[in-house]
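Undergrad: Here's a structure for you.
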Amino acid sequence: MGLIKPNNYSKNELKFDAVSKAVSHPAHSRIIDLLVDYTFVRNIDLSGYLNLSHSMVTKHLDYLKRAGVIYCEYQIHYDILRLNQETLDYYFSEVEKWKEGKRRLK
C-alpha cells in the first residue's frame with residue numbers, strides 16, 4: 151500500500167488504522183495474547199516464544215509501540231512490555247460502533 155495523505159483523514163481515523171494494522175499481524179497477535187495472559191513480558195523472552203530473531207522481535211515491538219498497543223519500561227538488559235488496555239478498549243469500541251452502523255470517525 152502506498153503512502154497516505156494524513157491531512158485527508160482525522161486523527162481518530164489515523165489512530166484506528168494504525169491499531170488495525172498492528173493487531174492484524176500474526177506475531178503481533180501472539181504478543182498481545184501473551185500480554186493478556188500475563189501482567190508483563192520481557193522482550194528478551196519473546197524470541198523463543200515467537201521463534202523469531204531478536205531483531206525481528208524488536209521490529210514487531212516497535213510497530214506495536216508506535217500504534218500505542220503496548221508500552222515499555224526500559225531496564226538495563228531488557229524491556230518490560232505491558233499492554234495498553236486503553237488503546238485496545240478504544241479500538242474494540244470503534245469496531246462495535248461499526249457493527250452497529252454508528253461509527254463515524256470524522
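So in our numbering, the last one in the sequence shown is 256, and the numbering has no gaps at all.
All residues carry an ideal CB built from backbone N, CA and C; glycine is no exception.
(1) Residue ranges of each beta strand (DSSP E) run of no fewer than 3 residues wholly in the segment 161-242, ordered along the chain?
(2) In angstroms with no decimal places, state the Cα-to-Cα distance between Y241 and I194.
(3) Could you give the DSSP three-state label for E250: helix, strand or coil?
(4) Whole angstroms are fine: how far does the CA of S170 sit from the CA of K249?
(5) Can you check whether the CB of V219 is closer than 9 Å to the CB of L238?
(6) Within a Cβ cutoff of 8 Å, which residues of the same chain sit near E246, ignoring the five residues on either side of it in sequence?
(7) Drop a sphere of 10 angstroms on the beta-carbon of V191, count the other beta-carbons inside from all chains shown, and report buried for 16 or more, exposed for fewer.
(8) Anyone know if the C-beta pair for A172 and L214 falls short of 9 Å?
(9) Using only the alpha-carbon positions, how far apart do A168 and Y188 sit?
(10) For chain D, check one thing: does any of its Cβ atoms lie closer than 9 Å to the Cβ of A168?
TA: For this structure:
(1) 220-224 and 229-233
(2) 28 Å
(3) In this structure, E250 counts as coil in the three-state DSSP scheme.
(4) 15 Å
(5) yes
(6) none
(7) buried
(8) yes
(9) Their backbone Cα atoms lie some 24 Å apart in a straight line.
(10) In the structure shown, chain D does not exist; there is a single protein chain.
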